[in-house]
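Protein sequence lines correspond, in order, to chains W and P.
Letter by letter, the first sequence follows residues 1 to 106 of this note's numbering.
Letter by letter, the second sequence follows residues 107 to 219 of this note's numbering.
Glycine included, each C-beta is placed from N, C-alpha and C at the ideal position.
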Amino acid sequence: GIQVEQSPPDLILQEGANSTLRCNFSDSVNNLQWFHQNPWGQLINLFYIPSGTKQNGRLSATTVATERYSLLYISSSQTTDSGVYFCAVGPGKLSFGAGTTVTVRA
Amino acid sequence: GAGVSQSPRYKVAKRGQDVALRCDPISGHVSLFWYQQALGQGPEFLTYFQNEAQLDKSGLPSDRFFAERPEGSVSTLKIQRTQQEDSAVYLCASSPNYYNEQFFGPGTRLTVL
């Protein structure tokens with residue numbers, strides 16, 4: 001299966017700071033999704049981004065499929081951004097990375 | 107509109123008991139996936155349905171795990187003779203088709219004592 005590596009594994013931020021999360025994958029993909037897993041375990045869809053750049057409020061993502069990586073940007077972080085961020089790739093059945101645990105301190 | 111729902115949200119079973127976990131996908135979604143998430147790890151694929159056909163069960167960890175989707179909508183994941191290593195969160199996801207964006211339910215947290 002496709003190998004997915006996320007970095008860093010842990011990230012501690014002060015409220016208001018910006019950050020970048022990275023996802024590397026081992027093969028070509030036609031599905032790439034970023035999720036935020038909240039404290040109750042729900043996976044919240046952030047982006048469906050097999051290629052290109054998208055923005056949604058304070059979050060944006062870029063996938064460079066030819067170089068097999070994706071980046072998730074969080075700007076002006078808030079305490080509600082805390083949680084685990086997962087990158088997952090397909091085709092079809094998703095292979096997940098191990099996640100980045102983000103802690104935003106007030 | 108309604109998202110993916112799963113029931114029960116929590117299940118405690120004694121070792122050796124059988125359990126059944128239910129998934130209600132988004133209406134009209136052809137594709138349905140089951141994943142298993144162990145504590146502190148990312149979800150791992152278990153099995154995939156296209157309508158009522160189970161097209162991929164390569165992720166099922168043993169023959170104690172069985173899934174069905176008889177009418178192409180609701181799906182049930184059944185685990186027979188549960189073992190402690192089956193303790194995990196079981197996630198269901200649905201999608202308009204195999205290659206599209208997947209949407210996840212809240213999961214069922216299974217604890218086997």
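Output the residue ranges of the beta strand (DSSP E) runs that lie fully inside the segment 154 to 210 of chain P and measure 3 residues or longer, sorted by chain position.
159 to 162, 171 to 174, 181 to 185 and 194 to 201
Per-residue DSSP class, three states only, for E15 (chain W)
coil
From what residue to what residue does the beta strand (DSSP E) around V104 (chain W) run?
T100 to R105
Rounded to a whole number of angstroms, what is the C-alpha to C-alpha distance between V195 (chain P) and Q147 (chain P)?
11 Å
Start-to-end residues for the beta strand (DSSP E) that takes in E5 (chain W):
V4 to S7
Would you check if there are 3 or more beta carbon pairs closer than 8 Å linking the segment 2 to 18 of chain W to the segment 185 to 205 of chain P?
no
Exposed or buried, I49 (chain W), counting other C-beta atoms within 10 Å across all chains shown (16 or more means buried)?
buried
Quick check on the burial criterion: 16 or more other C-beta atoms within 10 angstroms. Buried or exposed for V64 (chain W)?
exposed
So which residues on chain P does N45 (chain W) lean against when the C-beta distance must stay under 9 Å?
E207, Q208, F209 and F210
Judging by CA-CA distance, which residue of W:T101, W:R58, W:S95 and W:V102 is the nearest neighbour of G165 (chain P)?
W:S95
Range of the contiguous beta strand (DSSP E) that encloses A31 (chain W):
Note that residue 31 (chain W) corresponds to Asn in the displayed sequence, not to Ala. Here the beta strand (DSSP E) through N31 (chain W) covers N31 to Q37.
With a 10 Å radius around its C-beta and 16 neighbouring C-beta atoms as the bar for buried, classify L145 (chain P) as buried or exposed.
exposed
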